[in-house]
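**Student:**
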Amino acid sequence: MSAGPRFGRVATGMAQKHLDTFAQTTPGVVSAVLMSADGFEIVSLQVGKGGAARLAAMGSSLSAIGSAIAKEAGIVECNRMVIESDSGTVVIMNVPESRPPMSLAVIANDNSMLGQLLWSAKTCCAAIARAFRE
Amino acid sequence: MSEEFKIIFSGPMGAGKTTAIAAISDEAPVSTDVVNTDRAAFDKELTTAGLDYGRIEIDAETSVRLYGTPGQLRFRFMWDILGHNAAGVVILLDASQADALVQLDAFVEAFGAGKRAPLVIGVGRCAEPGALALDAFAQRLENHGLNLPLFGVDVRRREDVLLLVDTLLCLLEVSDPARLHA
Ligand SMILES: Nc1nc2c(ncn2[C@@H]2O[C@H](COP(=O)(O)OP(=O)(O)O)[C@@H](O)[C@H]2O)c(=O)[nH]1
Ligand SMILES: [Mg+2]
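These protein sequences, in sequence, are chains A and B.
Counting along the first sequence from 1, when you hit position 76 you're at 76 in full-length UniProt numbering, and nothing is skipped either side.
Counting along the second sequence from 1, when you hit position 109 you're at 109 in full-length UniProt numbering, and nothing is skipped either side.
1) Would you mind reading off the limits of the beta strand (DSSP E) that contains Gly114 of chain B?
2) Between which two residues does the beta strand (DSSP E) carrying Val29 of chain A extend?
3) Which residues, in chain order, sit with a beta-carbon under 5 Å away from any heavy atom of ligand 2?
4) Quick check on DSSP: helix, strand or coil for Glu97 of chain A?
5) Could you tell me whether any Cβ in chain A is nearer than 7 Å to the Cβ of Asn36 of chain B?
6) With H, G and I counted as helix, E and B as strand and the rest as coil, what does DSSP make of Thr21 of chain A?
7) Contact criterion: CB-CB distance below 7 Å. Does Phe42 of chain B meet it with respect to chain A?
8) Would you report the Cα separation of Asp160 of chain B and Leu150 of chain B, rounded to the nearest angstrom?
9) What did DSSP end up calling Lys44 of chain B once you bin it into helix, strand or coil?
10) Using beta carbons (cut-off 7 Å, strictly below), is Asp38 of chain A in contact with chain B?
11) Between Ala52 of chain A and chain B, is any beta-carbon pair separated by less than 7 Å?
12) Which bits of chain B does Arg6 of chain A rub up against, with CB to CB less than 7 Å?
13) Given the structure, does Arg6 of chain A come close to ligand 1, in the sense that its CB is under 6 Å from one of the ligand's heavy atoms?
14) Could you give the distance in angstroms between the alpha-carbon of residue 135 of chain A and the alpha-carbon of Asn79 of chain A?
15) Could you check what DSSP says for Phe77 of chain B in three-state terms: helix, strand or coil?
16) Between which two residues does the alpha helix (DSSP H) holding Ala110 of chain B run?
17) Using only the alpha-carbon positions, how far apart do Ser61 of chain A and Ala49 of chain B sit?
18) For a quick check, are the C-beta atoms of Ala87 of chain B and Phe5 of chain B less than 7 Å apart?
19) Under a three-way DSSP split, which group does Met81 of chain A fall into?
20) Considering only heavy atoms of ligand 1, does any lie closer than 6 Å to the CB of Met13 of chain B?
21) Of the residues B:Ile81, B:Thr62, B:Arg39, B:Phe107, which one's Cα is nearest the Cα of Leu172 of chain B?
22) Could you tell me which chain A residues have their CB closer than 9 Å to the CB of Phe77 of chain B, listed as they occur along the chain?
23) Relative to the C-alpha of Val43 of chain A, which residue among A:Ala73, A:Val30, A:Met58, A:Thr12 is closest?
24) Starting from Ala105 of chain A, follow its DSSP beta bridges and name the residues at the other end.
25) With a CB to CB cut of under 6 Å and the five nearest residues on each side skipped, what residues in its chain are close to Val30 of chain B?
26) Should Leu93 of chain B and Ala15 of chain B be called a contact, given that it needs their Cβ atoms to be closer than 7 Å?
27) So, at 7 Å on beta carbons, what are the nonlocal neighbours of Leu168 of chain B in its own chain, with the 5 sequence-adjacent residues on each side left out?
28) For Ser10 of chain B, which three-state DSSP category applies?
As structure tokens, then:
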């Protein structure tokens, strides 16, 4: 179970659909979690119950630290963070102008291509942002 | 020779970790506070998702790096990451919270009860109506066979936070005298 109701049932329902579409149309996506900036799971995909909550908390910490480092470096806004290894990729991407602030964490295996993964995730985040504005 | 210590501020959400570090840091602290969506847990605008960081020079020989953890249990992994290699730990509590003693137990235990690294405890909001008395915290520690330095503090006051840090530095000196005078 996610922290759904707090974030609005209709919007979280739509976000789940966008996440499903994203996974179906993007090669290599293993799992994904949409989380609030303060580390709550909003919706998730193919992650066990405890796993999604953990990924949400860790993803939000990383995102917050990434933003602090970007600020320190004089970069205005940190839009996404990519962790790459030989066997897979983790992407944490901010959902633009969302209230409350949220981001998407995606775990992909080596069937993914970074460019495609980022582009797809960005499209997904834009759709999620619309869902939470409506 | 100059020495640099790493000190961790931990404790539950709203106890004042971010405020305490900002109160004493020589440089603008690094903050990773984000919008708090859990107003039921603690009613404030922002909450720390990553860490707080600040630095203070105690004297020409001694400086301290100050790290603050997030308070919520879901960020427990950050306690371990930040606690790694810490010379000492400050645990902050809010006496006006009903579960303050349970939080005391949890954080004291999580940071090794002073056996891994020296530990001091700062209790805030003691004067608020309905707040637990400082004695209740001392008694609770005693029940666990622990005798840890315990102070009533207002984390917004620089002197109060410095008292906690100074106490830790004294404990460090006692536990390893060679260190401060090396
Ligand atoms: N009125 C009052 N406010 C306090 C006192 N101690 C701390 N605060 C406030 O409580 C809040 C603590 O928030 P913060 O530092 O973000 O807590 P953290 O979650 O532990 O980092 C700040 O707004 C402080 O100004 C106190 O004794 N009285
Ligand atoms: Mg904080």
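From the three backbone atoms N, C-alpha and C, an ideal C-beta is built for every residue, glycine too.
**Tutor:** Result, derived from the coordinates:
1) Careful: Gly114 of chain B lies outside any beta strand (DSSP E) and carries neither H nor E.
2) 29–36
3) B:Lys17, B:Thr18, B:Thr48
4) coil
5) yes
6) helix
7) no
8) 12 Å
9) coil
10) yes
11) no
12) Thr37
13) no
14) Lying outside 1 to 134, the shown extent of chain A, residue 135 of chain A is not represented and no answer is given.
15) helix
16) 100–110
17) 5 Å
18) yes
19) strand
20) yes
21) B:Thr62
22) Arg54, Ala57, Met58, Ser61
23) A:Thr12
24) A:Val33, A:Ile92
25) Tyr53
26) yes
27) Ile7, Gly88, Val90, Pro118, Val120
28) strand
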